[in-house]
Amino acid sequence: MQKRKVYIETYGCQMNVADSEVVAGIMDNNNYAMANDAAEADVIFVNTCSVRDNAEHRVHQRLQTLKKYKSNSPGVVIGVLGCMAERLRAELIEKGNIVDLVVGPDEYRKLPELVENAFSGEKGIAVRLSRVENYDDIVPLRTEGVSAWISVMRGCDKFCTFCVVPFTRGRERSRSVKSVLEEVRRLSDAGFREITLLGQNVNSYRDGDSDFADLMEAVSSVDRSIRIRFTTSHPQDMSEKLIRTIAENENICKYIHLPVQSGSDRILKLMNRTYTSAQYLQLVEKIESIIPAVSLSTDIIAGFPTETEADYKQTLEVMKQVRYDGAFMFKYSPRENTKAWEMGDDVSDEIKVQRLNEIIELQQKISLEQNQPLVGKTVEVLVERESAKSSDEWMGRTDANKVTVFPKGNAKIGDLIKVKVHKVNSATLFGMIEQAKKEIPEYRVAVNL
Ligand code: 5AD
Ligand code: SF4
C-alpha cells in the first residue's frame, strides 16, 4: 500500500521549525511519507505561533484557504499544532469545522494515533503540557541545508508579563547532554556545517551538574569544523562562564542574541525582566571585554502598557549605547492570560506604530554604520544557498550572522570561504571570494524531505 503523505507548514520561531522536524520524525517512524505540497497531502499540519496577534491572524487566514482542500477532498486530515493549539484548544475545532486535530507542543507522540482516528471521522484534542517531555529519543527528520537546529530545552519559567510562551509551552525542561552530543555527532556525519542550539531560554539549560556553558563546551568539541550558534538567551542567565566558553572556542560564533525589550527601568520592572538598563549595559560591557569582536542583536517591544514618551526615549538611548548589529522590533500585542493583559493596552496603535518606526529607523542607521567598516575587509562565510536575487550568486553568513552575497566562483554550498567585502547596506554585505579556506568534502543532503 502506498504510504499516506503528510505536509507540515510552520509559522513562528525557530523552536517551531525544530518541532516540525520532530513531528516529521514521529510520522516517518509511523510509516508516513512527507509531501512537498499541501495539494498532494493526506494530512496537513499547521504548526502555529501565538506570540503576537498578527501571527495568529495569519494562521486563521491560512485555515480559511485550507477550507478549499477540505471541500475538494473531504478525506484530508487537518491538524493545528503548536502554541495556538495550546491556547485556543476546542475553539479551533468548533470554528468553521475544517480542523480535525488540535495538538499542543508536548503531545506530538500522540499524532500517529490521533491521525488514524481522524481518518475514521473522530476529531481529537491533545493539549496536556508536560514537565518532562523533551523528545530526547526522537530523531528529527530534517530538511536539506547546511544548518541544523537542535532544541536542547523546552518551555520557559521566566514569565515576562507580556509573553504567552510559559502558558503555551509550559515549564522549562532540558534534554540530556548525552542525547544532544549524539545528535551533534549524527549531524556531523551527515555533513551539516552549522548547528544552532535552541531553547526559549537556552542559557538556563541544566542537566544535573552541567549548565549551558558545559553543554556548549562539549558540543563545540565534537567536530571543530562545525560552527555552533545558540538562541535565545535571557540576560539573567548570561554567566561569565558562558561568555568565556564562547570566547575560548573558535567554532562557537561570536554572536549573541540578547533581548533587552525596553530601556526604561520602570517598564522593565512591569515586564518582569529582572534587570535594570544599567545592569544590562554592564553585562554588555562584560561581554565586549571578554569577546572584543562580539556581534550583538536584540528584541525590542514598542508600546508596552503605560509606556510614556520618556520611557520610549530610554529604549532609543540603550540602542545607541549598545549599537546592536541587528534587532527584531515589535509592536506590543496584548495576549490573554498574561499579567500585562490585565494592565490594559493604553498606548494607542498610532503611537505604537510611530515609536516602532523610529526604533526601526534608528536600528537601520546603526546596522549600516556597524557594517560600513567591513568594506575592504575579508570575512569568513559559510555558503548556505543561492541568493534570492540572482542564480549567479551565493548567499551565506559570517560568524557574526551577517548575510553576505557574492558571485559563485568555484565555491559550493557548505564551503567555508573568505569573501572580500566591497559594498554594504544595513542588512547585507556584498563581496568577492578571496580564496578557498578549507577543503570540505562535498556537501551531502542529510535527509531530503
Ligand atoms: N507583544 C509584542 N512582542 C512580544 N514578544 C513576546 N511577546 C510579545 C507581545 N505580547 C517579543 C519579545 C520576545 C520575542 C520573541 O517576541 O520581544 O523576545
Ligand atoms: Fe517569553 Fe520572557 Fe520566556 Fe522569552 S524569557 S519566552 S519573552 S517569558
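Take 49 as the starting number for the sequence shown in the numbering used here and just add one per residue.
Idealized CB from N, CA, C, for every residue including glycine.
Query                                                                                                                                                            : Result
Could you compute how far the alpha carbon of K317 sits from the alpha carbon of N77?                                                                            : 46 Å
Please report the straight-line C-alpha distance between L162 and L149, rounded to a whole angstrom.                                                             : 7 Å
Quick one: residues with CB closer than 6 Å to any heavy atom of the ligand SF4, in chain order, please.                                                         : C204, K206, F207, C208, C211, V213, P214, Q248, N249 and H282
Just the C-alpha distance for E231 and Q248, rounded to the nearest angstrom, thanks.                                                                            : 19 Å
Is Y24 near the ligand 5AD - that is, is its Cβ less than 7 Å away from at least one heavy atom of it?                                                           : Past the edges of the chain, shown from 49 to 497, lies residue 24, and the structure says nothing about it.
Which whole runs of the alpha helix (DSSP H) in the segment 232-317 are 4 residues long or more, in chain order?                                                 : 260-270 and 288-296
Can you name the start and end residues of the alpha helix (DSSP H) that K118 belongs to?                                                                        : D101 to N120
Can you find a heavy atom of the ligand 5AD that lies under 7 Å from the Cβ of I315?                                                                             : no
So is R371 buried or exposed if we call it buried at 16+ other beta carbons inside 10 Å?                                                                         : exposed
Run the CB neighbour count on S222, radius 10 Å, all protein chains shown included, and call it buried at 16 or more, exposed below.                             : buried
Out of S195, G127 and V180, state which residue places its alpha-carbon closest to the alpha-carbon of N165.                                                     : G127
Output the residue ranges of the beta strand (DSSP E) runs that lie fully inside the segment 176-204 and measure 3 residues or longer, sorted by chain position. : 195-199
In chain order, which continuous runs of the alpha helix (DSSP H) of length 4 or greater are located wholly inside the segment 387-414?                          : 387-390
So who's on the other strand from V433, going by DSSP bridges?                                                                                                   : It is worth fixing the name first, because residue 433 is Arg in this sequence and not Val. According to DSSP, R433 bridges with M443.
For the pair the segment 392-412 and the segment 206-224, tell me if three or more CB-CB distances fall below 8 Å.                                               : no
Could you please give the first and the last residue of the uninterrupted alpha helix (DSSP H) stretch that includes N77?                                        : Q62 to N77
Relative to the C-alpha of L235, which candidate in Y253, I198 and C204 has its C-alpha closest?                                                                 : I198
DSSP has V332 in a bridge; who is on the other side?                                                                                                             : None, per the DSSP bridge assignment.
So does Y372 have its beta carbon nearer than 7 Å to some heavy atom of the ligand 5AD?                                                                          : no
Whose C-beta lies closer than 6 Å to the C-beta of R52 among residues of the same chain, with five residues either side of it excluded?                          : Y80 and D90
What is the DSSP secondary structure of Y372, counted as helix, strand or coil?                                                                                  : coil
Are the segment 407-422 and the segment 271-280 in contact at 8 Å, needing three or more beta carbon pairs?                                                      : no
So, helix, strand or coil for K53, using DSSP?                                                                                                                   : strand
Is H105 buried or exposed, if buried means 16 or more other CB atoms sit within 10 Å of its CB?                                                                  : exposed
Opposite D347 in the DSSP bridges: which residues?                                                                                                               : F376
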